[in-house]
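Novice: In this note's numbering, the protein residues as written are 1 to 186.
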């Protein structure tokens, strides 16, 4: 019987990394929490039941490479991705780990596919930049307080209730065929 792959959450003490780590623990996983602040990592690890941690400096790629092992699953939540994301992708490509991130930056996503995606095959690790941020509401930062207050002032009498300034067409889902089909890289 093969051991389950090790899950490594990079940027674990940030907003998205914290939510990701907590979700994984709720599902029975014991991810390795990785970040730059040892005190915050230790506090989060203790809160989640004594998980393993590793401190890295994302601007020094060797510190991340020292943490990763072939076959690991790397979930990167470090951003901005155009500034810090390449280190994680390069380490994943070099070591041979499965890679997921929460990037919402189009130029970074395109770069990942153009530079590292061309050599992926069925026998190589899975790559999935932009895994969830814009499609999973819990990973999208909460609305500002002013937005919440404005929404509360409006009476809610039906599922389609909306503020008077909110256009009716925005309350309906887009027509069939108008959903984005994602990024195309040739």
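Ideal Cβ placement from N, Cα and C applies to all residues, glycine included.
Measure the Cβ-Cβ separation of residue 51 and residue 38 and say whether it is below 8 Å.
Specialist: Cβ distance not < 8 Å, so residue 51 and residue 38 don't count as in contact.
Novice: By a C-beta neighbour count over all protein chains shown, 10 Å radius and 16 as the cutoff for buried, is residue 79 buried or exposed?
Specialist: Buried, by the Cβ-count rule.
Novice: Is any heavy atom in the ligand SAH found nearer than 7 Å to the beta carbon of residue 12?
Specialist: Only the bare structure without any ligand can be found here, which leaves the ligand SAH out of the picture.
Novice: Using DSSP with H/G/I as helix, E/B as strand and the rest coil, what is residue 93?
Specialist: If DSSP states are grouped into helix, strand and coil, residue 93 belongs with the helices.
Novice: Residue range of the beta strand (DSSP E) that residue 108 falls in?
Specialist: Note, residue 108: premise wrong, no beta strand (DSSP E); alpha helix (DSSP H) at 106–111.
Novice: I'd like the span of the beta strand (DSSP E) that includes residue 51, first residue to last.
Specialist: Here residue 51 belongs to no beta strand (DSSP E), and DSSP marks it neither H nor E.
Novice: Helix, strand or coil for residue 74 per DSSP?
Specialist: Three-state result, residue 74: strand.
Novice: Do residue 35 and residue 12 have their C-beta atoms within less than 8 Å of each other?
Specialist: Contact: yes.
Novice: Compute the Euclidean distance between the alpha carbons of residue 102 and residue 40, then round it to the nearest angstrom.
Specialist: For residue 102 and residue 40, the distance between alpha carbons rounds to 21 Å.
Novice: For the beta strand (DSSP E) that residue 19 lies in, which residues bound it at each end?
Specialist: Unbroken run through residue 19 is the alpha helix (DSSP H), 15–26; no beta strand (DSSP E).
Novice: Compare the Cα-Cα distances from residue 46 to each of 90, 107, 115 and 18 and report the closest residue.
Specialist: Ranking the options by Cα distance to residue 46, first place goes to 18.
Novice: I think residue 76 touches residue 10, with their Cβ atoms under 8 Å apart; what is that distance to the nearest whole Å?
Specialist: The Cβ separation is near 5 Å, so the contact holds.
Novice: Quick check on DSSP: helix, strand or coil for residue 7?
Specialist: Here residue 7 sits in strand by DSSP.
Novice: Assuming residue 69 and residue 109 form a contact by the criterion Cβ under 8 Å, report the distance between their Cβ atoms to the nearest whole angstrom.
Specialist: That pair is no contact at about 26 Å.
Novice: Looking at residue 72: is its Cβ nearer than 8 Å to the Cβ of residue 5?
Specialist: The answer is yes: Cβ separation under 8 Å.
Novice: If you run the structure through DSSP and keep just helix, strand and coil, what is residue 68?
Specialist: If DSSP states are grouped into helix, strand and coil, residue 68 belongs with coil.
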